[in-house]
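J.: Numbering (our numbering), first residue to last: 1436 to 1615.
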């Protein structure tokens, strides 16, 4: 019912009508939760109210899954790709242990359920430095073959490419201030 969501949906109907695919928001429950309560409050709650954070992440995950169901029903899984960014999951905001506790279980669930629903194309952007979380992305989070993974300039692109191997497309690693 939100204005932006409705506008995106109408735009995506135009894309489909013109033979193009559409993109489903597939990621970060921490990003959704941060948008709901503010990132500063969310970070404080991680220390003082972990159960409340998990409840909020559960709601955020369910929202992302419901959104995906709506799009898949309307456009078909073959016409949908998933796009997800992870700015609130980077080392500048949370430690690798906090990533394991607060982000990983929900991201794994979203990926597994999207893949089970037939989503085959992914674009994942790891904003900031996620170097110490790469093992989870490689070993625990389901990624479709040839998923595109873009990274922030804080990460070493050669290292990321070695971690993911030749099964995925790696890009990014450019400081956006260079574009100015």
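Don't be surprised by glycine CBs; every beta carbon is placed ideally from N, CA and C. Source: prediction; values computed, not measured.
Is it the case that the Cβ atoms of residue 1459 and residue 1503 are separated by a distance below 7 Å?
T.: On the chain shown, position 24 is the one that residue 1459 refers to. On the chain shown, position 68 is the one that residue 1503 refers to. Yes; because the gap between Cβ atoms is below 7 Å, this pair is in contact.
J.: Please specify which runs of the beta strand (DSSP E), each continuous and at least 3 residues long, are wholly inside the segment 1474-1550, giving them in chain order.
T.: Entirely contained in the segment 1474-1550, the beta strand (DSSP E) runs reaching 3 residues are, in chain order, 1515-1520.
J.: Would the beta-carbon of residue 1465 fall within 7 Å of that of residue 1538?
T.: Position 30 of the chain shown, counting from 1, holds the residue named residue 1465. Position 103 of the chain shown, counting from 1, holds the residue named residue 1538. Contact: yes.
J.: I'd like to confirm the pairing. Which residues does DSSP put opposite residue 1454 in its beta bridges?
T.: Taking the chain shown and counting its residues from 1, one reaches residue 1454 at position 19. Residue 1454 is not bridged to any residue.
J.: How big is the Cα-Cα spacing for residue 1524 and residue 1445?
T.: In the chain shown, the residue the question calls residue 1524 occupies position 89. In the chain shown, the residue the question calls residue 1445 occupies position 10. Approximately 30 Å, taken between the alpha carbons.
J.: Using 8 Å as the threshold, is the segment 1564-1582 in touch with the segment 1479-1488, meaning 3 or more CB pairs across them?
T.: No, the segment 1564-1582 does not touch the segment 1479-1488.
J.: How is residue 1571 classed by DSSP in three states: helix, strand or coil?
T.: As a position in the chain shown, residue 1571 is number 136, starting the count at 1. Here residue 1571 sits in helix by DSSP.
J.: Under 7 Å, do residue 1592 and residue 1608 count as touching if we go by C-beta distance?
T.: Locating residue 1592 in the chain shown gives position 157, where the first residue counts as 1. Locating residue 1608 in the chain shown gives position 173, where the first residue counts as 1. Yes.
J.: Applying the 10 Å Cβ sphere with the 16-neighbour rule, what's the burial state of residue 1529?
T.: Within the chain shown, the letter at position 94 stands for residue 1529. Under this definition residue 1529 is a buried residue.
J.: Looking only at its chain, what residues have a beta carbon closer than 6 Å to the beta carbon of residue 1610, apart from the 5 residues adjacent to it on each side?
T.: As a first step, residue 1610 is located in the chain shown; it is residue number 175 there, counting from the start. Excluding positions up to five away in sequence, the list reads 1588.
J.: Quick one: grab the DSSP three-state call for residue 1606.
T.: To locate residue 1606, count along the chain shown from 1; it is residue 171. Residue 1606 falls in the strand class under three-state DSSP.
J.: Name the one or two DSSP bridge partners that residue 1559 has.
T.: Along the chain shown, read from residue 1 onward, the residue named residue 1559 stands at position 124. Partner(s): 1519 and 1584.
J.: Please list, in chain order, all residues of the same chain as residue 1535 whose beta carbon is under 8 Å from its beta carbon, the five residues on each side excluded.
T.: In the chain shown, residue 1535 corresponds to position 100, counting from 1. Taken in chain order, the residues that qualify are 1571.
J.: Along the chain, where does the alpha helix (DSSP H) containing residue 1593 start, and where does it finish?
T.: Residue mapping note: residue 1593 aligns to position 158 of the chain shown, counting from 1. It spans 1592-1599 - the alpha helix (DSSP H) in which residue 1593 sits, taken as one unbroken run.
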